[in-house]
Structures are given as structure tokens and as C-alpha cells.
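Contents: one structure, followed by commentary.
Protein chains: 2
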Amino acid sequence: MTVVWQCQGVNPSAAPAGAVRQGSLRELNLALVLGRIAAAPRPPSRAALAAETGLTRATVSAVVEDLVAGRLVTEAEPQPRAGAGRPARGLVLAGDGPAGLGLEINVDYLAACVVDLAGEVRHHSVHRADLRPVSPADALGQLVRLAAGARAAADAQGLTLAGAALGVPGLVDEAGRVRLAPNLGWRDVPVPELLAGHPPLTETVDGVPPLVVDNEANLAALGELHAGDGPGSFLHISGEVGIGAGIVLDGALYRGTRGWSGEIGHIPVRPDGPPCRCGGRGCLEQYAGQEAILSAVGLTGADLPADTAPNRLAELAEAGDATVLNALHEAGAALGVTVASVVNLLDLDTVVLGGGYAPLAPWLRPPMLAEIDRRVLTAAWAPVTVRVATLGATAAAVGAAGSVVRRIIARPAGWLARL
Amino acid sequence: MTVVWQCQGVNPSAAPAGAVRQGSLRELNLALVLGRIAAAPRPPSRAALAAETGLTRATVSAVVEDLVAGRLVTEAEPQPRAGAGRPARGLVLAGDGPAGLGLEINVDYLAACVVDLAGEVRHHSVHRADLRPVSPADALGQLVRLAAGARAAADAQGLTLAGAALGVPGLVDEAGRVRLAPNLGWRDVPVPELLAGHPPLTETVDGVPPLVVDNEANLAALGELHAGDGPGSFLHISGEVGIGAGIVLDGALYRGTRGWSGEIGHIPVRPDGPPCRCGGRGCLEQYAGQEAILSAVGLTGADLPADTAPNRLAELAEAGDATVLNALHEAGAALGVTVASVVNLLDLDTVVLGGGYAPLAPWLRPPMLAEIDRRVLTAAWAPVTVRVATLGATAAAVGAAGSVVRRIIARPAGWLARL
DNA sequence: TCATTTAATTCAACCACTGAACAAATAGCG
DNA sequence: CGCTATTTGTTCAGTGGTTGAATTAAATGA
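Residue numbers (this note's numbering), protein chains in the order written: chain A, 12 to 430; chain B, 12 to 430.
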């Protein structure tokens with residue numbers, strides 16, 4: 012079996028673009044029913060699923076039988092019902108079936124987590140370490156050890172790891188190679204090759220590579236998508252050392268033609284502004300990046316580790332520090348200008364502040380909203396919501412693990428065939 | 012039968028998200044085979060289609076039989092073949108089946124055109140008239156007369172109009188109401204109601220409304236998509252009096268959550284720049300809009316009708332007029348800054364200059380490319396192409412008509428059921 | 001106790017695809 | 001000219017999966 016390592020597919024279309032064969036029918040309906048079970052607020056009965064989907068109850072029963080046999084779904088306790096009639100048997104996603112392993116490498120920590128089909132985080136571990144002075148190979152070695160712990164925890168809970176995803180703060184190509192991770196100091200790091208020496212994290216399942224490497228901001232947006240209520244469209248802004256964003260359009264992550272979408276940190280705010288590392292001038296990162304905010308306050312990254320800086324700034328702002336308040340106001344205004352561009356372009360109704368921006372949201376939001384209201388053409392008819400991410404700093408790892416189980420929910424036939 | 016008028020669906024997904032019933036199988040395969048026939052560079056045989064799609068020849072034959080019976084496909088003359096074997100019978104889209112009616116209302120002209128299944132423009136007519144002083148009702152009255160002529164031309168060629176689409180330079184809501192068309196001076200114009208008095212342009216077919224109202228820039232991008240070679244992702248910039256854009260992602264127009272995407276004219280270039288009509292400051296339109304370019308040259312819109320201004324400017328630039336060259340350079344640079352933002356956000360590989368920008372492209376391109384190279388993070392690995400639109404000023408009307416026939420190609424079952 | 005109501009299963013019918021066999025139409029070759 | 005090889009397209013029995021109606025299951029309420 013050839014083990015292929017690759018980046019998350021550039022655009023995974025849920026529906027098969029190819030031939031629709033006899034068996035595709037069952038495949039599609041398995042996905043349809045499982046998707047409804049996953050999206051339902053409370054365990055639905057077979058009858059309810061039939062009514063929702065338009066399939067007959069006979070078909071739903073047959074499909075559910077397959078799902079239960081494959082350990083993807085289990086029956087919940089009968090719900091007490093109001094009125095007459097045989098009580099419904101509720102269906103829920105299995106808590107002891109396949110699970111996803113999520114990994115994250117960031118500037119000053121490594122993280123691993125395990126998420127089950129229902130989206131519950133069943134294991135989570137973080138290893139703090141400044142990874143900038145460490146070689147990529149050593150960093151990945153540490154990651155493998157963390158992953159082994161996560162795998163043991165999954166086994167102990169009766170979960171089967173069905174795949175893994177790794178988030179990296181940088182640009183990843185289709186082969187899983189990290190082309191550029193500026194804040195980590197990585198350039199052209201062949202993650203798959205470096206991991207090849209270690210025992211693979213999981214086995215290849217149904218043609219899906221055992222490990223998918225993806226941009227951290229993309230995975231964080233996916234985490235937010237699955238944590239939120241239902242699909243939709245939003246921009247998820249991850250304010251780490253750099254500024255990245257994940258774009259969710261109609262419930263699907265948009266990755267761009269090469270998978271490099273969401274680089275809002277380098278959207279020009281003032282074309283003649285201060286020069287940026289990237290070669291441009293006046294990029295958003297120069298106004299709202301963590302280092303920009305810190306230096307406006309008279310601090311540098313050397314004074315504060317990157318992961319504690321946001322909370323420290325929030326404390327100072329809470330205490331009424333005028334310099335900090337002013338710096339956050341400026342950063343928020345720059346974010347607002349950029350978000351206005353994005354909303355004018357994409358007509359989004361929601362923007363989510365994640366990563367390091369989450370604790371700073373109370374101070375960033377007002378200037379953001381002011382700029383958005385002023386600059387978005389359709390703001391009068393269609394207000395834009397700016398909200399705080401529901402997942403905290405763990406968003407990328409949880410999103411990575413979630414992307415694995417979501418793939419199973421979107422295409423259960425692959426998992427069932429594996430049995 | 013209730014006649015419903017509506018805006019183009021916000022996000023028409025090709026594949027059914029709902030239940031996959033017995034008959035859906037055939038529906039999907041009809042669409043699959045017809046789509047391949049439409050996309051093929053030369054008339055494919057049934058055997059070739061079977062090989063391409065993965066269906067058996069038997070199934071392809073059955074599907075093709077349905078398509079031929081429904082006048083969507085006809086057999087071409089047998090192709091001369093190299094080597095032994097029974098000669099293949101090539102399949103082509105029918106030139107005498109359903110066709111689409113495309114309409115456009117713009118500042119100083121009305122247009123109508125008829126496009127057949129194969130994408131050929133079978134009729135095209137333009138009526139020049141300054142529509143700013145005319146009431147919306149009167150303008151639509153003129154449009155209805157133009158449409159009647161187009162319908163007669165279609166009838167004369169044996170074509171059946173299967174629907175119509177109307178492009179308007181403004182924001183359109185789901186009900187087909189024009190919320191705002193600044194350059195036309197329209198505000199909250201209920202196009203469907205105003206057209207209700209006139210005989211409908213076509214009958215409702217299979218639940219699809221007879222007339223779809225959409226943004227002109229969106230339709231122009233669709234026209235460019237269908238005129239080009241295959242799907243892909245690009246930004247199509249329509250430089251009319253205002254600046255609009257259509258966003259095509261993976262071969263599908265992205266309309267945004269309310270259908271108001273692509274308003275790049277109001278993306279801020281310099282947040283503290285000159286005030287804009289929209290209430291913001293330093294919008295792209297202030298630097299690269301037609302009026303901005305003209306006033307930089309010392310002219311006003313009163314001197315030149317909007318539709319001749321671009322060609323006039325091109326002549327002056329060709330002659331080496333330094334003021335004009337400078338104005339175009341500035342406009343191109345502003346466009347480049349904005350496009351860099353878009354590419355950083357969406358990771359597109361192609362930008363198309365359409366509408367009034369097409370004749371000016373030789374002068375706009377160099378400064379655009381310079382800004383893009385400087386400001387796009389991934390420019391070093393993934394060059395961005397800036398090309399001129401292949402359709403001329405007719406893009407919106409042709410795109411509108413094309414959207415009608417494309418809908419049939421994407422979902423032929425609806426058309427077949429109508430018979 | 002029994003009618004009523006809702007849930008889930010069973011089963012014959014049917015629809016569309018599959019795979020193999022077959023008919024059709026041509027080129028190449030002796 | 002006839003024969004074989006080759007490729008196209010059709011026919012037909014077989015099969016998988018959905019359908020719809022009938023049936024069984026399990027509760028409530030009068």
C-alpha cells in the first residue's frame with residue numbers, strides 16, 4: 012500500500028462530479044442521512060429523517076442499518092413523547108467509532124487532540140516550547156511523541172483514529188511541503204518526508220492519506236464552522252504573530268486555487284505605509300499584527316511570549332492604560348478597513364475574531380464596526396456581525412481533528428468499505 | 012400557474028443536496044453526459060463519453076437517446092477516423108432546441124441577445140438611449156419592445172426561448188427588486204412588478220421563473236466564464252461608470268450571502284482619500300472609476316458619453332498624450348493595489364479586465380502587474396495573469412443569455428420534463 | 001379493554017445501471 | 001474480393017437500491 016501524504020484537497024466537493032453509478036445512490040444517501048443526524052439538535056428518529064430528507068421510511072431504515080453496523084451511529088434511549096404513538100428511537104453519532112487526530116505546530120507550542128464523530132474533544136494535550144531555535148526535524152520529532160500520547164488516549168477510550176491533520180502557521184502546497192512559515196522560520200520544509208522516518212501516525216484509509224498538512228488559519232476556521240450552529244459564510248481572523256484568515260463560504264472552507272487563500276495579513280491598508288517583511292508596504296500586519304500593537308505600546312516580542320501577549324494586553328486595557336487603548340483602537344480601525352474590503356468583495360454577514368484577537372475583542376470591535384459601517388456599500392441593508400470565536404487557542408488543533416471526522420461524515424461509504 | 016420573478020439563486024449548487032431518489036440517478040447522468048458534450052472540443056462519440064465518464068456504453072446510449080429525443084443533442088456527420096473500426100457518430104449540442112434570452116439595461120443603452128445551447132449568439136440588438144432622465148417604467152417599456160424583437164428573431168430561427176435574464180448595473184435582491192443603481196439613478200425599483208403589466212417575456216418552465224434579474228458585473232463574469240476554456244477561478248472586473256466585479260470560483264459564480272458580492276469599486280485604496288458617494292473615503296472608484304480618469308485628464312462625463320469614453324481615452328493614449336498616460340498609470344496602480352488585496356484573500360490566478368477597461372488594458376496592465384508582484388505574498392511561486400476579456404461590451408447581455416442555457420445544461424431533466 | 005396514533009419493518013414491484021453478447025461498419029491485408 | 005481485426009453502438013438478462021403499501025410494534029387515552 013503506497014502511503015501518500017498530501018495537503019488537504021484544494022476544493023473537496025461533497026457531491027461526486029463523476030459518473031453516478033448504481034452504488035453511488037446508496038453512498039449519497041448514507042452521506043445524506045448521516046449528515047442530518049450530525050446536524051440535528053436532538054437525536055432524530057428514522058421517521059423524522061424520512062420526512063426531512065424526502066426518502067421513504069423503508070430506505071431510511073436500510074441506510075441507518077448500514078450506519079449502525081459500521082459503528083457510525085447508535086440508538087439513544089427512547090425519548091419520552093407527547094401524545095399517543097409508538098415512541099421514537101433516537102439516533103446519535105457513535106461515541107466509540109472513528110475519531111480524528113488533530114495536531115498543531117506553532118511558534119511557541121505544540122498541540123494534539125482527539126475529536127470523536129460527534130465533535131466532542133476526547134483528549135487534548137499541549138506542549139509549550141519555543142520552536143524557533145529548533146530544527147524542523149526536531150520539532151516534528153516532538154510532535155510525533157505528542158501524537159503517540161494522543162493515540163494511546165484514543166485507544167484507551169475505544170476510539171479508532173481514522174486519520175490526522177496537522178496545522179502549520181504558513182503556506183502549504185499540495186504535497187504537504189511547508190513553502191513558507193515566516194514566524195516559525197521555516198522555508199521549504201518537506202513535512203511528509205521528515206515524518207516518513209517515524210512510524211506513520213495512522214494507516215491510509217480508503218485512499219485518504221494518513222496525514223493532511225494544512226494552514227493553521229484554515230483549520231481554525233473549520234473548527235469554528237463545526238463548533239457553530241450550521242453552515243453559513245464567514246471570515247475567521249486568526250490574530251497570532253502573523254494575521255491569517257479562513258474563508259468559509261456556504262459551509263465550506265474556500266482554499267483558493269493553490270490552497271493559499273486568506274492571507275489578509277498582507278492586504279494593503281495604506282499603500283504608502285511602512286514597509287513590510289513581505290516586500291509590500293502598509294500591509295495590515297503593520298497596523299494590527301501582534302508586534303505592531305506591542306511596539307505601539309512600547310514593548311517588543313522579546314518582553315512577552317507570543318501566546319501570553321494578548322492576555323497581557325487585555326489586562327492593561329482593562330486597567331484603562333491609555334497607550335494600550337489607543338493602540339488597540341488603531342489596530343481595530345485597520346482591521347475594520349480590511350474587513351470592509353473583504354465584505355464589499357464577498358458579501359459576508361459574519362466576521363469572527365479568533366486566536367489572539369479573541370481576548371482583545373472588546374476593544375477591537377467598536378473601531379472595526381465603525382469602519383465597516385462607513386465603508387461597506389450594503390451595510391445599511393445588511394448589517395455585518397463581528398463576533399468572538401467560540402473555540403479558544405485550541406481552535407486549529409480541534410479544527411484539524413474535526414476535519415478528519417467531518418470527512419467521514421461527508422463520505423461515510425469510504426469508512427464502511429474499510430471494515 | 013403563478014409566475015414568480017426572482018433574482019438568480021444566491022448559490023445554485025449543481026448537485027442536489029436533498030434526497031437522492033431512484034430517478035435522481037438518471038437526472039445526474041443526463042447532466043453529466045450533456046455537460047461533457049458541451050465541454051468537449053470536438054463532437055464526442057458515445058463510446059468516448061462512456062470512457063470519459065466511467066459509465067457503461069449501454070448507459071450512455073440510453074442517456075443520449077433521452078437527450079436526442081428532447082432536442083438537446085443531435086448527431087453530427089460521422090467523423091473520418093484513423094485506423095480500423097466502425098466510425099463514431101459525433102454528438103453536438105442542438106442548434107434548434109432551447110435558447111436563452113439575455114437583456115441588459117445600462118446607463119446609455121439597452122441590449123438584447125439570443126444565445127443557443129452551443130453558446131452561439133444567434134441574435135443581438137442594441138438600442139442607444141440615455142436612460143438617466145427616463146423613468147424606470149419607461150425604460151423597461153423600451154426593453155420589452157427590444158425583447159419582443161429578439162423573441163421574433165428566435166422564432167424565425169426555430170429556437171425556443173427557455174428563459175430570460177436581465178442585467179442591471181446595481182444591487183438586486185432576491186425578489187428581483189433593484190435596491191440601488193447609482194449611475195442609473197434607480198432606487199428600490201420593483202422590476203418584476205413593473206414588467207407584470209407587459210406580457211411576460213417567456214413562460215415559467217419547471218419552476219424556473221421566466222425572468223431572472225441580476226447584477227450586470229455578475230452576468231459579464233458568467234459570459235466570460237462560458238466564453239473561456241473550461242472552468243477555473245478568476246476575478247472579472249467591469250469598468251463601466253462604476254466599477255463592479257464578478258467572482259468565479261471553481262467554475263461557479265460566487266454571489267455572496269445576499270447576492271451582493273463583487274463591489275470592488277468601494278474597496279478602500281487609501282482610507283483617508285477623497286470622499287466617495289458611498290459615504291466612505293478613498294474608494295477604488297475615486298482612483299480608477301471612469302469619472303476619476305476623465306477628471307484627471309481635464310474632462311467630465313458631460314464631454315463624453317460613458318460608452319465612448321474608454322475608446323476615446325485609448326486613442327489619446329495611443330497618440331502619446333502625457334496627461335492621459337499618467338492618469339491611466341495612476342488608475343492602473345490603484346487597480347493593482349485592490350487586485351493584490353483580492354488575490355491575497357482568495358488566491359486567484361487570473362484577473363480579467365472587461366467592460367470599459369478592455370480597450371485601456373495596454374496601459375492599465377503594467378502598473379497593475381507591478382503592484383500585484385510587489386504586494387501578493389505568493390506572487391513568487393504563483394504568478395497572477397491579467398488578461399483582457401474575450402467578450403466586448405456585450406458581455407453582460409451574452410452572459411445573461413448564457414446563464415439561461417447553462418442552467419439547462421446543468422439540469423437537463425427539467426427541460427426534458429417540460430416536453 | 002380497545003380504538004387511535006405514531007414508529008419501524010417487510011415485501012413485491014420497479015427503475016436505472018451493469019456486463020456480456022451481438023450486430024454494424026469500417027480499414028487493412030492477402 | 002473476401003477475411004480478419006477493430007471499434008462503435010444496441011440488446012438483454014441480472015442486480016442493487018428505492019418505492020409504496022401492507023404489516024407489525026409500542027405507546028396513549030377514552
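Note that beta-carbon positions come from the ideal geometry of N, C-alpha and C, so glycine has one too.
Neighbours of Pro378 of chain B in chain A, taken as residues whose beta carbon is under 7 Å from its own, are absent, since the nearest beta carbon is some 12 Å off. Counted as a single uninterrupted DSSP element, the alpha helix (DSSP H) harbouring Gly410 of chain B occupies residues 406-421. Short of 7 Å from the beta carbon of Glu382 of chain B, and not among the five residues preceding or following it, lie these beta carbons of its own chain, in chain order: Ala344, Gly347, Val348, Ala351. Annotation note: the segment 297-345 of chain A contains the following uninterrupted alpha helix (DSSP H) runs of length 4 or greater, listed N- to C-terminal: 301-308, 320-329. Using a Cβ distance threshold of 8 Å, Leu121 of chain A and Leu157 of chain A count as a contacting pair.
Nearest neighbour of Leu305 of chain B by Cα position, chosen from B:Ala167, B:Val224, B:His340, turns out to be B:His340. Legend: CB atoms of the segment 247-279 of chain B lying less than 9 Å from CB atoms of chain A belong to residues Ala256, Ile258, Leu260, Asp261, Tyr265, Arg266, Gly267, Thr268, Arg269, Gly270, Trp271, Ser272, Gly273, Glu274, Ile275, Gly276, His277, Ile278, Pro279. Inside the segment 120-201 of chain A, DSSP marks whole beta strand (DSSP E) runs of 3 or more residues at positions 120-127, 132-139, 171-179, 188-192, 197-201, from first to last along the chain.
The Cβ atoms of Ala110 of chain B and Val126 of chain B lie closer than 8 Å to each other. Classified as buried, Ala256 of chain A has 16 or more neighbouring CB atoms from the shown chains inside 10 Å of its CB. In the assembly as shown, Gly366 of chain A is a buried residue. Its beta-carbon has 16 or more other beta-carbons within 10 Å. DSSP, read as helix, strand or coil, puts Leu104 of chain A in strand.
At a cut-off of 8 Å between beta carbons, Ala393 of chain A contacts chain B. Annotation for Ala393 of chain A: Asp360 place their beta carbon closer than 7 Å to its own, counting only its chain and skipping 5 residues before and after.
Pairing Asp332 of chain A with Leu191 of chain B, the inter-Cα distance amounts to about 44 Å. A residue is called buried once 16 or more other Cβ atoms fall within 10 Å of its Cβ, and Ala400 of chain A is buried on that count.
As the crow flies, the alpha-carbon of Val308 of chain A is around 15 Å from that of Leu375 of chain A. Among the CB atoms of chain A, one or more fall inside 8 Å of the CB of Arg281 of chain B. Around Asn355 of chain B, the beta-carbon contacts reaching into chain A at under 7 Å are Glu274, Ile275, His277, Ile278. Counting along the chain, the unbroken beta strand (DSSP E) around Thr85 of chain A starts and ends at 84-86. Among the bridge pairs identified by DSSP, Gly113 of chain A is matched with A:Cys124, A:Ala176. Listed as beta-bridge partners of Tyr368 of chain A by DSSP are no residues whatsoever.
Of all residues in the segment 74-90 of chain A, none is placed with a Cβ closer than 8 Å to any Cβ belonging to chain B. Across the structure, Ala320 of chain B and Gln301 of chain B are spaced so that their CA atoms are roughly 8 Å apart. Look at the beta carbons and you see the segment 175-191 of chain B touching the segment 409-426 of chain B: at least three pairs across the two are nearer than 8 Å.
The count of Cβ pairs closer than 8 Å, one atom from the segment 159-175 of chain A and one from the segment 235-253 of chain A, stays below three, leaving the stretches out of contact. Counting only unbroken stretches of 4 or more residues, the alpha helix (DSSP H) elements lying wholly within the segment 349-402 of chain B are 372-386, in sequence order. Judged by DSSP in its simplified three-state form, Val118 of chain B adopts coil rather than helix or strand. In this structure, B:His237 is the residue among B:Glu329, B:His237, B:Asp77 with its C-alpha nearest to the C-alpha of Gly130 of chain B. Nearest to Ala105 of chain B by alpha-carbon distance, out of B:Arg386, B:Gly273, B:Asp149, B:Leu45, is B:Leu45.
Straight across, the Cα-Cα distance linking Ala123 of chain B with Gly160 of chain B is about 9 Å.
In terms of Cα proximity to Arg385 of chain A, the closest of B:Asp283, B:Gln90, B:Val103, B:Arg422 is B:Asp283. For Leu233 of chain A, the enclosing alpha helix (DSSP H) starts and ends at 227-238. If you compare the alpha carbons of A:Leu112, A:Ala148, A:Ile116 with that of Ala163 of chain A, the shortest gap goes to A:Leu112.
Put simply, the backbone Cα of Trp271 of chain B is about 24 Å away from that of Pro378 of chain A. Judged by DSSP in its simplified three-state form, Val280 of chain B adopts coil rather than helix or strand.
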